[in-house]
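In what follows, a structure is listed as structure tokens, so that the remarks can point back to it.
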Amino acid sequence: MDNAIMSAASLHRTLPALPGQHSRPVSRSKTRLVRCSNERQVLFDRIAPVYDNLNDLLTVGQHRIWKRMAISWSGAKKGDNVLDVCCGTGDLAFLLSEKVGPTGKVVGLDFSKQQLLIASSRQHSQSKTCYENIKWIEGNAIDLPFPESSFDAVTIGYGLRNVVDRLKVLEEVCRVLKPGSKVSALDFNKSTNPFSTSFQEWMIDYVVVPAADIYGLANEYRYLKRSINEFLTGKELERLALNAGFCSAKHFETGGGLMGNLVAVRYGYIP
Ligand SMILES: C/C(=C\Cc1cc(O)c2ccccc2c1O)CCC[C@H](C)CCC[C@H](C)CCCC(C)C
Ligand SMILES: C[S@@+](CC[C@H](N)C(=O)[O-])C[C@H]1O[C@@H](n2cnc3c(N)ncnc32)[C@H](O)[C@@H]1O
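Set out below in structure tokens:
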């Protein structure tokens, strides 16, 4: 394992075992979820080398603006301890690092080793000293390896749509957030406007997939359209966040309706 990347298992080993922990029989539906999750992990490992370049190309740099907006909505500030779930190659973690500065701390968590290796090499190839405050952890978003109330803000960029159990992920995020703190989750918008949906699908079929095909990754990028169809609308995401334990949730459309950003607050005293 790359020295700069910690595994969640090694983090867990440093925590005391819970009393009464024992292994349970695994159900068929759980086996299916694990298989689906493993397939996605392989997919994200495969696209890692081209992911950043394709994002810049396909959005003509616009994704950087959407990511800056996501950071701003998270409420992260100087000196904060923050988490980027499904961090991939680290775009949001790097922006968070600049936001919280050298007195703050950033954790980037992802289950794709290849994505994390790129994040770590970007961290070391760029000379910004504040990037020293970032740690990369190989782990699963449905079982965050942190105690409750650990973070002042959490971001998730294009991650919630890709996990097999979204409610569990939001419950986990709510648990690790400090009371009164926010999660900001940027993703594709599953629009209720037929024009936006048609444009999104047209872009994927005729621009995104052909561009990915140049790298032999057409199938991996075809998955995008399916995953957006199976995703939740803004209103459904707001309801899911409330069910996960957040006290308020609001979804904003960005990128001309192509993208969306869920902002949810964990119940608690806000000074
Ligand atoms: C931000 C983009 C992709 C992120 C992304 C997210 C995922 O969940 C994936 C899953 C599996 C494979 C890949 C990904 C993945 O790359 C790129 C999105 C591109 C948009 C579909 C199109 C953007 C349109 C432009 C903003 C419009 C520009 C207008 C032009 C100037 C006329
Ligand atoms: C589309 S990428 C987004 C990367 C980055 N956040 C960004 O905005 O560019 C989705 C990331 O989510 C990660 N991911 C998906 N399911 C996950 C899970 N259950 N646990 C941890 N990471 C996961 C993938 O490995 C991948 O790196």
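Numbered according to this note's numbering, the sequence shown spans residues -11 to 259. For every residue, glycine included, the Cβ atom is placed at its ideal position computed from N, Cα and C.
Proximity to residue i [Cα-Cα], best of the options
i	options	result
residue 53	113, 174 and 188	174
residue 71	141, 238, 253 and 198	141
residue 212	188, 233 and 235	188
residue 163	227, 234 and 203	234
residue 119	167, 127, 201 and 92	92
residue 55	249, 255 and 254	249
residue 166	179, 57 and 64	64
residue 26	182, 152 and 206	152
residue 61	24, 95, 246 and 242	242
residue 196	22, -6, 44 and 30	44
residue 117	46, 85 and 36	85
residue 225	172, 103, 47 and 104	172
residue 176	157, 202, 146 and 183	146
residue 33	210, 246, 205 and 228	205
residue 179	209, 252 and 217	217
residue 181	231, 230 and 246	246
residue 36	74, 59 and 24	74
residue 110	82, 228 and 168	82
residue 39	168, 131 and 208	208
residue 251	186, 191, 170 and 183	170
residue 95	113, 112 and 126	126
residue 185	214, 198, 200 and 199	214
residue 199	41, 28, 24 and 15	41
residue 87	57, 190 and 24	57
Rounded distance between the beta-carbons of residue j and residue i, thought under 8 Å
i	j	result
residue 100	residue -8	About 15 Å; that fails the 8 Å criterion.
residue 128	residue -4	7 Å
residue 77	residue 50	The pair is not a contact, with the Cβ atoms about 17 Å apart (cut-off 8 Å).
residue 228	residue 220	6 Å
residue 106	residue 80	Rounded, the Cβ-Cβ distance is 14 Å, inconsistent with contact.
residue -1	residue 90	Actually they are not in contact, since the Cβ atoms of residue -1 and residue 90 sit about 23 Å apart, beyond 8 Å.
residue 159	residue 232	5 Å
residue 157	residue 130	6 Å
Counted within 10 angstroms of its Cβ, other Cβ atoms place residue i as buried (16 or more) or exposed
i	result
residue 10	In this predicted model, residue 10 has a pLDDT of only 45, less than 50, meaning its place in the structure is not dependable; the value taken from the coordinates is given anyway. Looking at its Cβ environment, which holds fewer than 16 other Cβ atoms inside 10 Å, residue 10 is exposed.
residue 67	exposed
residue 135	exposed
residue 222	buried
residue 304	Nothing can be reported for residue 304: it is not among the residues displayed for the chain, which extend from -11 to 259.
residue 124	buried
residue 255	exposed
residue 154	buried
residue 239	buried
residue 202	exposed
residue 194	exposed
residue 149	buried
residue 48	exposed
residue 4	Residue placement at residue 4 is poorly supported in this model, since its pLDDT is 43, which falls under 50; the coordinates still yield a value, given next. Exposed.
residue 98	buried
residue 244	exposed
residue 139	buried
residue 22	exposed
residue 161	buried
residue 30	exposed
Residue(s) in a DSSP beta bridge with residue i
i	result
residue 125	-6 and 97
residue 70	94 and 141
(request) Go through the segment 210 to 253 residue by residue and report every complete run of the alpha helix (DSSP H) that reaches 4 residues or more, in order. (result) The qualifying runs are 222 to 231.
(request) Ignoring anything shorter than 4 residues or poking outside the segment 135 to 178, list the alpha helix (DSSP H) runs there in chain order. (result) Counting only runs of 4 or more, we get 154 to 164.
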